[in-house]
Amino acid sequence: MTRDAQRSRVYDAEQQVRTMFDRADQRGLRTIEIHGSTVTLPVERRFASLDSVQAYVDAVCALSWVRREWPRASIPVRVRARSGTGAAHYEADSATIAVPLHVRGRAWALREMVLLHEIAHHFEPGDPDDRREPAHGGAFVERYLTLVAEIIGAEAAFVLRTTMYACGVQIG
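According to my numbering, the sequence shown holds residues 107 to 278 in order.
In structure tokens, the structure reads:
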């Protein structure tokens with residue numbers, strides 16, 4: 107197994123971006139200034155139940171361009187509730203995404219960015235038991251950014267990419 111040196115940088119960037127989206131939702135102001143650019147944030151889907159999360163994951167994996175790009179998209183992914191207050195995670199041995207349903211009264215993980223992050227883990231090529239690259243390495247980040255760009259929108263991917271660069275994340 108390879109050391110996952112940039113995991114915390116990826117998580118830091120994601121937290122900053124989630125905060126931007128949360129504030130846009132709360133204030134109804136979707137236009138932001140970031141790294142010298144004015145960007146209108148698209149709407150990020152939120153989910154109310156495990157069933158709606160499973161339907162979303164199935165729909166993403168069924169997209170024809172996704173199946174062409176990542177052969178592992180044809181392997182079914184199971185979504186399950188995660189107990190406790192930890193982050194969502196992907197279990198490669200069983201192709202399972204585990205999401206906490208509620209943490210301190212909030213369903214913070216039942217959102218599109220979190221699910222696309224976990225789906226990007228599922229799409230890692232090769233044997234999941236013989237990982238050759240860090241879990242949050244450059245190739246993972248590139249898969250994740252591609253999913254965000256194509257599914258949420260180019261603006262969301264721009265915000266995530268520039269925030270990752272600012273946090274020192276290696277991409278590609």
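Even glycine gets a Cβ: it sits at the ideal position worked out from N, Cα and C.
It should be emphasised that the depicted structure is a prediction, and the values quoted were computed from it without experimental measurement.
*asked:* When you compare the CB of Tyr196 with every CB in chain D, is at least one pair closer than 9 Å?
replied: The chain labelled as chain D is not found in the depicted structure, where only one protein chain is given.
*His223 and Tyr250: beta carbons closer than 9 Å?*
The residue you call residue 223 lines up with position 117 of the sequence shown. The residue you call residue 250 lines up with position 144 of the sequence shown. Their beta carbons are under 9 Å apart, which means His223 touches Tyr250 by this criterion.
_Among Ile225, Cys167 and Pro182, the one whose alpha carbon lies nearest that of His195_ = In the sequence shown, the residue the question calls residue 195 occupies position 89. Among Ile225, Cys167 and Pro182, the Cα nearest to that of His195 belongs to Ile225.
*Closest Cα partner of Pro206 within the set Ser200, Asp199 and Arg186*: On the sequence shown, position 100 is the one that residue 206 refers to. The alpha carbon of Pro206 has as its nearest neighbour, out of Ser200, Asp199 and Arg186, the alpha carbon of Arg186.
*Could you tell me if His242 is buried or exposed, where buried requires 16 or more neighbouring beta carbons within 10 angstroms of its beta carbon?*
Translated into positions along the sequence shown, residue 242 becomes position 136. His242 should be labelled buried.
*Within its chain, find whatever has a CB closer than 8 Å to the CB of Ala272; leave out the 5 residues flanking it on each side and keep chain order.*
Sequence index remark: in the sequence shown, residue 272 carries index 166 (1-based). Ala119 and His141, listed in sequence order.
*If we ignore side chains and look at the alpha-carbon of each, how far apart do Val245 and Ala260 end up?*
Start at 1 with the first residue of the sequence shown, and residue 245 comes out as number 139. Start at 1 with the first residue of the sequence shown, and residue 260 comes out as number 154. According to the sequence as given, residue 245 is Ala; it is not Val. Their backbone Cα atoms lie some 19 Å apart in a straight line.
*asked:* What does the Cβ neighbour count give for Thr137, buried or exposed, with the cut at 16 atoms within 10 Å?
replied: Sequence index remark: in the sequence shown, residue 137 carries index 31 (1-based). Looking at its Cβ environment, which holds fewer than 16 other Cβ atoms inside 10 Å, Thr137 is exposed.
_Tell me which residue opens and which closes the beta strand (DSSP E) that His195 is part of._
Indexing the sequence shown from 1 puts residue 195 at position 89. Counting along the chain, the unbroken beta strand (DSSP E) around His195 starts and ends at His195 to Glu197.
*Closer than 8 Å by C-beta to Gln122: which residues in its own chain qualify, once you throw out the five before and the five after it? Chain order, please.*
Taking the sequence shown and counting its residues from 1, one reaches residue 122 at position 16. Here the set comprises Thr269 and Cys273.
*Between the C-alpha atoms of Ala263 and Gln132, what's the straight-line distance to the nearest angstrom?*
The sequence position of residue 263 within the sequence shown is 157, counting from 1. The sequence position of residue 132 within the sequence shown is 26, counting from 1. Going by the C-alpha atoms only, they are around 21 Å apart.
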